[in-house]
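J.: Pasting a structure here, questions to come.
Numbering (UniProt numbering), first residue to last: 1 to 342.
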């Protein structure tokens, strides 16, 4: 069976990544590509690296016949996404890559994103899209909320440790580096080559990054009590990748074995041998996440490092993984490609 797919926001980085992945999926066909400002253009004009693909031209969302669509990916900006999704057919399967349905509490959404939620009636049915931990719910969902890429990386490193009770929940430090594509494709002065290259800086310092809302929600639910991590993201002059270095209090051997046990049957989570650390080079362009554990020189402290591609496993690859579940496909279909190296 061939599933007909629409992508809204196809002119952004996550939209292009969805096209790259879905075009090679044996049971999916891209039927509609929407981009309001670039409607009428071909994908080859917007993304020349996709010119070899037979794709529909970009159109406006209002021009799509959703009765012919089996699943819709929404890769639109925050706030815009909920307003668009609210008006889509109520029986349409949707995966939202924005933040609009990630936070279950409307007050928390307004706190972190600065505007009231415009589709509260849909928030109750939204399933959080961290596939490895919400697999059963995603399989039966109509609306799935993709995670933040930083939030996904931190959760892969920390969730099993929190639920397993092997670390001190009041002393978790997450130091994260993210490539520039995580900021989207819009023109921003601080992302110009001359201002970003040859430099490296922290941002949203002191607990102001929006993905903290996801960490607070998910980690506190796991622990049954409030858990606040100390989190500082850094912008690195690279196109793709996230490296999360986490400092925890706990027995390093127990930390490692807990992660190994949690991920032993997960096809996309690769645990490195104890003492080895991952690199963003080794996951680039793939749906894999690599995790390493090292014992610190200070007794009963461990350093846990996770690496993934923010556009693939952190966003569009995760979305396709979820779509496979929602459409009854094997979860790994179209996603087992090897990373790009060098």
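Note that beta-carbon positions come from the ideal geometry of N, C-alpha and C, so glycine has one too. Note that the coordinates shown come from a computational prediction; the quantities given were computed from them, not determined experimentally.
For residue 157 versus residue 260, is the C-beta distance shorter than 7 Å?
T.: Not closer than 7 Å, so no.
J.: Counting Cβ pairs, one atom from each stretch, are 3 or more of them under 8 Å apart for the region 211-226 and the region 101-115?
T.: The region 211-226 vs the region 101-115: in contact.
J.: Under 8 Å by Cβ, that's how I've got residue 32 and residue 64 pegged, so tell me the actual separation to the nearest angstrom.
T.: With 8 Å as the limit, residue 32 and residue 64 qualify as a contact, their Cβ atoms being about 5 Å apart.
J.: Does the separation of the CB atoms of residue 241 and residue 309 fall below 7 Å?
T.: Going by C-beta atoms, residue 241 is nearer than 7 Å to residue 309.
J.: Once DSSP output is grouped into helix, strand and coil, what is the label at residue 252?
T.: DSSP places residue 252 in helix when its eight states are reduced to three.
J.: With three or more C-beta pairs closer than 8 Å as the rule, is the region 326-334 touching the region 17-29?
T.: Enough Cβ pairs lie closer than 8 Å, so yes.
J.: Kindly identify the DSSP beta-bridge partner or partners of residue 180.
T.: The partner list for residue 180 (beta bridge, DSSP) is empty, contrary to what the question assumes.
J.: Rounded to the nearest angstrom, how far is the Cβ of residue 208 from that of residue 306, given a contact under 8 Å?
T.: Their Cβ separation, rounded to whole angstroms, is 22 Å, which puts residue 208 and residue 306 out of contact at 8 Å.
J.: Just to confirm, are residue 9 and residue 75 a CB contact at a threshold of 7 Å?
T.: For residue 9 and residue 75, yes; Cβs fall inside 7 Å.
J.: Could you tell me which uninterrupted beta strand (DSSP E) segments, each at least 3 residues in length, are contained entirely in the UniProt domain "Semialdehyde dehydrogenase NAD-binding" (4-141), listed from first to last along the chain?
T.: If we require 3 residues or more, the beta strand (DSSP E) runs fully inside the UniProt domain "Semialdehyde dehydrogenase NAD-binding" (4-141) come out as 28-34, 71-74, 93-96.
J.: Which value, in whole angstroms, describes the spacing of the CA atoms of residue 100 and residue 295?
T.: Straight-line Cα distance between these residues: approximately 38 Å.
J.: Helix or strand or just coil, what does DSSP make of residue 342?
T.: Residue state, collapsed to three classes: coil.
J.: How do the region 278-295 and the region 309-321 stand: do at least 3 beta-carbon pairs fall below 8 Å, yes or no?
T.: Short answer: they touch.
J.: Pick out the complete beta strand (DSSP E) segments inside the region 235-286, 3 residues or longer, and give them in chain order.
T.: Complete beta strand (DSSP E) runs here, min 3: 242-249, 269-271.
J.: Are residue 302 and residue 248 touching if we call contact CB-CB under 7 Å?
T.: Going by C-beta atoms, residue 302 is nearer than 7 Å to residue 248.
J.: What residue from 284, 280, 105 has the CA that sits closest to residue 243's CA?
T.: Of the listed residues, the one whose Cα sits closest to residue 243 is 280.
J.: Quick one: Cα of residue 135 to Cα of residue 252, how far?
T.: Computed Cα separation, rounded: 28 Å.
J.: Let me confirm a value: residue 77 is counted as buried when at least 16 other C-beta atoms fall within 10 Å, else exposed. Which label applies?
T.: Residue 77 should be labelled exposed.
J.: Starting from the N-terminal side, write out each stretch of the beta strand (DSSP E) that is 3 residues or longer and does not extend beyond the region 152-202.
T.: Whole beta strand (DSSP E) segments, 3+ residues: 172-179.
J.: CB-CB under 8 Å to residue 105, same chain, minus the five flanking residues each way: which ones, in chain order?
T.: Same-chain partners within the cutoff: 217.
J.: What does DSSP give as the partner residues of residue 302 in its beta bridges?
T.: 248, 295, per the DSSP bridge assignment.
J.: DSSP three-state call for residue 221: helix, strand or coil?
T.: Residue 221 falls in the helix class under three-state DSSP.
J.: Determine the direct distance from the alpha carbon of residue 132 to that of residue 266, and round the result to whole angstroms.
T.: Cα to Cα, residue 266 sits roughly 7 Å from residue 132.
J.: With respect to the alpha helix (DSSP H) encompassing residue 325, which residues constitute its N-terminal and C-terminal limits?
T.: 317-326 is the span of the alpha helix (DSSP H), which, as asked, contains residue 325.
J.: In terms of DSSP beta bridges, what is residue 232 paired with?
T.: Answer by DSSP bridge pairing, in chain order: 175.
J.: According to DSSP, simplified to helix, strand and coil, what is residue 212?
T.: Residue state, collapsed to three classes: helix.
J.: For residue 347, list the residues DSSP reports as bridge partners.
T.: Nothing can be reported for residue 347: it is not among the residues displayed for the chain, which extend from 1 to 342.
J.: Could you tell me whether the region 193-205 touches the region 219-237, using the rule of 3 or more Cβ pairs below 8 Å?
T.: The region 193-205, when compared against the region 219-237, does touch it at the 8 Å Cβ threshold.
J.: Please report the distance separating the alpha-carbon of residue 14 from that of residue 96.
T.: Distance between the alpha carbons of residue 14 and residue 96: 11 Å.
J.: Could you check the C-alpha separation between residue 72 and residue 5 for me, to the nearest Å?
T.: Roughly 6 Å separates the two Cα atoms.
J.: Suppose you measure from the CA of residue 341 to the CA of residue 144; what does that come to, to the nearest Å?
T.: Those two C-alpha atoms are separated by around 32 Å.
J.: Bridge partners of residue 144, per DSSP?
T.: Answer by DSSP bridge pairing, in chain order: 95, 127.
J.: Quick check on residue 314: does DSSP put it in helix, strand or coil?
T.: Residue state, collapsed to three classes: helix.
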